[in-house]
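Residue numbers (the working numbering), protein chains in the order written: chain B, 339 to 720; chain D, 350 to 731; chain P, 516 to 666.
Data block below; observations after.
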Amino acid sequence: MSQRVAIVGIAQTTFQSAKRAQNYAELVHEVVSELFTKTGATHDDVDNIVSASSDFWDGRTISNMAIQDVVGAYMKSESKVSSDGTLAVLYGMMRILSGQYKTTLVVAHSKGSEGTPNLIANAAFDPIYQRQLGIDGLSASALQARRYMEKYGVSEEEVALVSVKNLANARKNPYAQVAGEFTVDDVMQSGYLAEPIKKLEASPISDGACALLLAREDLVDRFTDKPVWLKGVGHCQDCYYLGDRDLAESEALAVAAQRAYAMAGIRDPGKEIDVAEVYDAFSYQELMWTEILGLCPRGEGVELIRSGVSTIDGTLPVNPSGGVLAAHAVIVAGLVRVAEAALQLRGEAGQHQISGVKTALAHGSFGYCGQMHCVWILSNEK
Amino acid sequence: MPKSVAIIGSGQTNHTSRRADVNIPELIKEAVDRALADADLTIDDIDAVVIGNMEHFEGINLSDMWASEGSGAVMKPAMKIATGGTTGASVAACAYYHCASGLFDRVLAIGWEKLSESDTTTGIITAFDPIVERLTLAGAVGGLAIEANLYMTSYGITQEQVAKAAVMARKNAQRNPHAHLKLDLTVEQVLHSPMIAYPIHYLDMCPTSDGACAVIFASEDVARKSAHPPAWVKAAVCRHNHPYIGDVDWRKNTLESAAIEAYRLAGITNPRRELDVIELYDPASFALLSWIESLHICGPGEGGKMIDAGAITMEGDIPVNPSGGVISTNPIGATALIRVAEAALQIQGKADARQVEGVRTALATGFGGSYWSEVFILGRTP
Amino acid sequence: MSEEVIIQHTALRIPYSWAAGAHATRFYREIAEHRRIMGTRCPRCGRVLVPARKSCSRCFQDTTEWVEVGPIGVVTSFTIVHYSEPQIQPMKPPFAIALIRLDGADTALLHLLGEVELSKIRTGMRVEPVFADEPKGHILDIRYFKPVSID
Ligand SMILES: [Zn+2]
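Okay, here's the thing in structure tokens:
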């Protein structure tokens, strides 16, 4: 990249199953206000806005209409990415790199409590060939979980280790919705939702919002002395029909990761990345995604946990925040992965801070069984 | 200054009230195939895809995922942008920033809608705040009627003048093979058509259409090597407004604000003289008079004189909507992208029977959300 | 005044009528009239796509040939759904959803399993379709797939 863009401010709400006292706009107002307090920025410093939200989850056509005033969009440019928050960061960065804008406010909001999640998920399956089968995000992911586990010989007890690790990490994260000291046995006994996925292996559906302020290199100092540089990004979309893909693989994630690594100059991700926040909507996904991201060989995702590498005190902690398993505001969750990676790079992750973080990976996903992936490499060094 | 970006090809379906012969991805692919053929490219030449529609109009959640069957996004970077009526313009802007950022060289922008598959007005009503406005504002026409009434009574614009604009647009559409309504009308027919919401008659209003549009954006180096004359993007500007209709200040409008900034970026000081053609997002015929005032084509209240003098007809000095515009064709998610595509065709000299002679500079607009506007200026040189 | 915030309940009730397109229409006609499952072949990669598609998802080429597949196929993955969502689920939980690669196809069809003891379902299991008595032109014109008794 010829110019550099940095994250200069980060804010998120706590994530809860139902934030009844706040509507969407008020959730966004909370994070934007916090962002301004932290950075000293005002609406006058915000050149343009990129938001991420969903008409289906909001129950509202043009879901970004509700937040116009709280993001300060009056007589400014605002656009909505109807996809994961990681892509909103990318669009926000593109607008700065174009030279037309100097700063971008990136926000995402979702209130899962106000819709019926399985019905909304079912509506993502086409009405011609699939919808009437009653499939939704959970049952689709279960098909992927089994395929991955059978192809790579991973047991249910091994997959359960992800939930044990991440929900324990979440105890150190005040923003998390689900946290606790669970054993493999607890996970195994938590009851099947869609086999082989059990209750403690499925992310909760959350209410919450997240915001980042992006700035061009020459303006960074105005807002922070701890900029987090956007070093590399890649995104890629896979085939739609689950039966068109080998669900144990994800070529789209591999391509996205290669693009991000090439842009950031990463040659050996397992060695060069200090912390990773990956999109573990279900426990098996952390294993699959970390393998395909090249953090370990295929089939050895569980070894990362067992050997202590990806635990919070390991050499490559994965989801020290607790990940999506601990809080899953749809669309927001990808933006939170970027926010958490940035907090680690600023040394502001509180109790789940990893020491000496210089390079962090954040990963977002969208569509079922990871049809779309976006990978970010962030650094606190230019 | 933003890096130079150009449009090097476009394609549209033949828009109509119902395309029962194709499903959603099949409809999209028709437009994409035509755009690729127009630019002498194959899908392998495309680096990234930006797509948009409004989910509730077809009841498809994550619509970009199923759309990948026809969008060509498989194994490519892709993102979905959705902003209401402005969607097509927002998609175009996002594709523009993909190239202007320096990250991508050939980006496919797609807008589509199959409005025959649902009740569009019911879908639009869900755009309004469910707590305050949804029960009182009836779809798109309510707000437009308020604005039309205010405009006509403020300046003494007659219903006959507005009807003349409706007749002109439908006449222009007869020369456009892609247009939906190619009506041969008289002013009397418009005035005697049913009143939907005073002062807007049935024949003043846009239809609902099935259709898709695809536009290929390219970075400067690629555009210069293009086999066909490119249409260079001189300005891409977006302005948003307050979300509640009662908060909207009718004297300070987003279209005027966006146009002023676009003229500044494009170095235009006298739009009436320097623009050769306009593709205006006209959801109802009064906009053909009122909104060209916002674009500073004439003074406040002079829109009526413009139609009386024939200035905005195909034979006039500043033809508006040679394509027939939105009141002739309206697949919502594609509608604003069609404006951009039609403006590009005029620059490229490819508009066939609807070609305006000697077009060097063209302007296209998008309208949507709560009185949001987007303005593009295209030219023969960067 | 009560501290309780107001929650307004509603549902979006929008009627939809989706065009299946010519290829899905033939796919369902073949089931209704001939009780056979058809895929389409991509001229570029040679894959037989099931359910039938107008174009290849990977190659962006229009498919050129109709190919009869199955009716027997193999389960490549499955899940047993334990939660209830009566508005969308066609069977009472627990029930099985599976990906089934029909003989002669290169992609797997998403469908339901029936007439089977849920604990006995395995990947690799061979299954055959049970057609609905009165086809309606949608995916449940195949009621479900059941294990092949004698393979
Ligand atoms: Zn193929």
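All residues carry an ideal CB built from backbone N, CA and C; glycine is no exception.
In this text the structure is predicted, and so the values were computed from the model without any measurement.
| message | One question on the structure: do residue 606 of chain B and residue 588 of chain B come within less than 9 Å of each other, judged by their Cβ atoms? | response | Taking the first residue of the first sequence as 1, we reach residue 606 of chain B at position 268. Taking the first residue of the first sequence as 1, we reach residue 588 of chain B at position 250. No, the Cβ-Cβ distance between residue 606 of chain B and residue 588 of chain B is not below 9 Å.
| task | For residue 405 of chain D, go through chain P and note every residue whose CB falls closer than 8 Å to its CB, in chain order. | result | Here residue 405 of chain D refers to the residue found at position 56 when the second sequence is read from its first residue. Chain P residues near residue 405 of chain D: 527, 529.
| Whose C-alpha, out of D:500, D:413, D:387, D:400, is nearest the C-alpha of residue 698 of chain D? | For the purposes of this step, residue 698 of chain D is taken as residue 349 along the second sequence, with counting starting at 1. When only C-alpha atoms are compared, the closest one is D:387.
| request: Tell me, please, whether the CB atom of residue 593 of chain B is closer than 9 Å to any CB atom in chain D? | output: In the first sequence, counting from the first residue as 1, residue 593 of chain B sits at position 255. Answer yes: the Cβ-Cβ gap between residue 593 of chain B and chain D drops below 9 Å somewhere.
| Limits of the beta strand (DSSP E) - the one that residue 587 of chain D falls within | By 1-based counting over the second sequence, the position of residue 587 of chain D is 238. Per DSSP, residue 587 of chain D belongs to the beta strand (DSSP E) from 580 to 588.
| request: Inspect the beta-carbon positions of residue 441 of chain D and residue 416 of chain D and report whether they are closer than 9 Å. | output: Along the second sequence, one-based indexing puts residue 441 of chain D at 92. Along the second sequence, one-based indexing puts residue 416 of chain D at 67. In this structure, residue 416 of chain D does not lie closer than 9 Å to residue 441 of chain D by Cβ.
| field | Neighbour list for residue 530 of chain B in chain P, Cβ cutoff strictly below 8 Å | value | Against the first sequence, residue 530 of chain B aligns to sequence position 192. By Cβ distance, chain P contributes 595, 597.
| message | Quick check on the contact list: which residues have their beta carbon closer than 7 Å to a heavy atom of ligand 1? | response | P:557, P:559, P:560, P:562, P:571, P:573, P:574, P:576
| said: Measuring straight from C-alpha to C-alpha, what distance separates residue 407 of chain D and residue 516 of chain D? | reply: Taking the first residue of the second sequence as 1, we reach residue 407 of chain D at position 58. Taking the first residue of the second sequence as 1, we reach residue 516 of chain D at position 167. Distance between the alpha carbons of residue 407 of chain D and residue 516 of chain D is about 31 Å.
| query | What is the DSSP secondary structure of residue 416 of chain B, counted as helix, strand or coil? | reply | Looking up residue 416 of chain B in the first sequence gives position 78. Residue 416 of chain B: strand per DSSP, three-state reduction.
| field | Beta-carbon contacts of residue 649 of chain D that lie in its chain and below 8 Å, excluding the five residues immediately before and after | value | Stepping through the second sequence from its first residue, residue 649 of chain D is reached at position 300. If we look at residue 649 of chain D and ignore the five residues flanking it on each side, its Cβ neighbours are 504, 642.
| field | Sheet register partners of residue 556 of chain P (DSSP bridge) | value | For the purposes of this step, residue 556 of chain P is taken as the residue at position 41 of the third sequence. BP columns for residue 556 of chain P point to P:563, P:580.
| task | Report yes or no: is there a C-beta of chain D within less than 9 Å of the C-beta of residue 669 of chain P? | result | What is shown of chain P runs 516 to 666, which leaves residue 669 of chain P out entirely.
| field | Buried versus exposed call for residue 507 of chain D [16 or more other C-beta atoms within 10 Å across all chains shown] | value | Along the second sequence, read from residue 1 onward, the residue named residue 507 of chain D stands at position 158. Burial call: exposed.
| Short CB-CB distance (under 9 Å) between residue 415 of chain D and chain B | Translated into the one-based positions of the second sequence, residue 415 of chain D becomes position 66. So yes, residue 415 of chain D belongs to the interface.
| task | Out of D:572, D:414, D:425, D:392, point me to the one whose CA is closest to residue 577 of chain P's CA. | result | Stepping through the third sequence from its first residue, residue 577 of chain P is reached at position 62. Comparing Cα-Cα distances from residue 577 of chain P to each of D:572, D:414, D:425, D:392, the minimum goes to D:392.
| request: Taking only beta-carbon positions, decide if residue 370 of chain D is within less than 9 Å of chain P. | output: Sequence index remark: in the second sequence, residue 370 of chain D carries index 21 (1-based). Answer yes: the Cβ-Cβ gap between residue 370 of chain D and chain P drops below 9 Å somewhere.
| field | Status (buried if at least 16 other CB within 10 Å, exposed otherwise) for residue 520 of chain P | value | Within the third sequence, residue 520 of chain P is the residue found at index 5, counting from 1. By the neighbour-count rule (16 or more Cβ atoms within 10 Å), residue 520 of chain P is not buried but exposed.
| message | Any beta carbon from chain B within less than 9 Å of residue 576 of chain P's own beta carbon? | response | Indexing the third sequence from 1 puts residue 576 of chain P at position 61. With 9 Å as the cut-off, residue 576 of chain P does not count as an interface residue toward chain B.
| query | residue 554 of chain B by DSSP, collapsed to three states: which one? | reply | Counting from one through the first sequence, the residue named residue 554 of chain B turns up at place 216. In this structure, residue 554 of chain B counts as strand in the three-state DSSP scheme.
| task | Report the option in B:622, B:347, B:718, B:665 whose CA atom is closest to the CA atom of residue 499 of chain B. | result | The residue given as residue 499 of chain B occupies position 161 in the first sequence. The shortest C-alpha separation from residue 499 of chain B is found at B:622.
| query | What does a CB cutoff of less than 7 Å around residue 666 of chain P pick up in its chain, not counting 5 residues either side in sequence? | reply | Counted from its first residue, the third sequence places residue 666 of chain P at position 151. Model confidence at residue 666 of chain P stands at a pLDDT of 49, short of 50, so the residue's coordinates are unreliable; what they give is reported in the following sentence. Correct list, in chain order: 641.
| In this structure, does DSSP put residue 394 of chain B in helix, strand or coil? | The sequence position of residue 394 of chain B within the first sequence is 56, counting from 1. The answer is helix: DSSP assigns residue 394 of chain B an H, G or I state.
| message | Mapping the DSSP letters down to three states, classify residue 562 of chain D as helix, strand or coil. | response | Reading the second sequence from its first residue, position 213 is the one you call residue 562 of chain D. If DSSP states are grouped into helix, strand and coil, residue 562 of chain D belongs with the strands.
| query | Okay, do the stretch 522 to 539 of chain B and the stretch 345 to 364 of chain B touch, 3+ Cβ pairs below 8 Å being the bar? | reply | no
| task | Take the Cβ of residue 602 of chain P as the centre, count every other Cβ of all protein chains shown within 10 Å, and call the residue buried at 16 or more, exposed below. | result | In the third sequence, the residue the question calls residue 602 of chain P occupies position 87. Under this definition residue 602 of chain P is an exposed residue.
| Do residue 644 of chain B and ligand 2 come close, with the Cβ less than 8 Å from some heavy atom? | This structure lacks ligand 2; the ligands present are ligand 1.
| said: Using CA atoms only, rank isn't needed, just tell me which of D:701, D:720, D:694 is closest to residue 710 of chain D. | reply: One-based indexing of the second sequence puts residue 710 of chain D at position 361. For the residues D:701, D:720, D:694, the minimum Cα distance to residue 710 of chain D belongs to D:694.
| request: Report the three-state DSSP secondary structure of residue 339 of chain B (helix, strand or coil). | output: Here residue 339 of chain B is taken as the residue at index 1 of the first sequence, counted from 1. Per-residue confidence for residue 339 of chain B stands at a pLDDT of 49, beneath the threshold of 50, marking its modelled position as unreliable; no derived number is given.
| said: Let's test the definition: count the other Cβ atoms within 10 Å of the Cβ of residue 583 of chain B and tell me whether it reaches 16, buried, or not, exposed. | reply: Within the first sequence, the letter at position 245 stands for residue 583 of chain B. The residue is buried, with at least 16 neighbouring Cβ atoms inside 10 Å.
| task | Select from B:457, B:486, B:347, B:484 the residue whose C-alpha is nearest the C-alpha of residue 376 of chain B. | result | The residue given as residue 376 of chain B occupies position 38 in the first sequence. That would be B:347, whose Cα lies nearest to the Cα of residue 376 of chain B.
| Buried or exposed: which applies to residue 635 of chain P, given that a residue is buried once 16 or more other Cβ atoms fall within 10 Å of its Cβ? | Counting from one through the third sequence, the residue named residue 635 of chain P turns up at place 120. Classification of residue 635 of chain P: exposed, given that the 10 Å Cβ count is below 16.
| task | Kindly list, in the order they appear in chain B, the residues whose Cβ is closer than 8 Å to that of residue 573 of chain P. | result | Position 58 of the third sequence, counting from 1, holds the residue named residue 573 of chain P. Simply 577, 582.
| What in chain D is Cβ-close to residue 574 of chain B, meaning under 7 Å? | Here residue 574 of chain B refers to the residue found at position 236 when the first sequence is read from its first residue. Here the neighbours are 424, 425, 426.
| Count the other CB atoms within 10 Å of the CB of residue 554 of chain P; is the residue buried (16 or more) or exposed (fewer)? | On the third sequence, residue 554 of chain P is found 39 positions in, with the first residue counted as 1. Buried, because 16 or more other Cβ atoms sit within 10 Å of the Cβ of residue 554 of chain P.
| query | Can the beta-carbon of residue 566 of chain B be found closer than 9 Å to that of residue 345 of chain B? | reply | Within the first sequence, the letter at position 228 stands for residue 566 of chain B. Within the first sequence, the letter at position 7 stands for residue 345 of chain B. Against a cut-off of 9 Å, the Cβ pair of residue 345 of chain B and residue 566 of chain B comes out as a contact.
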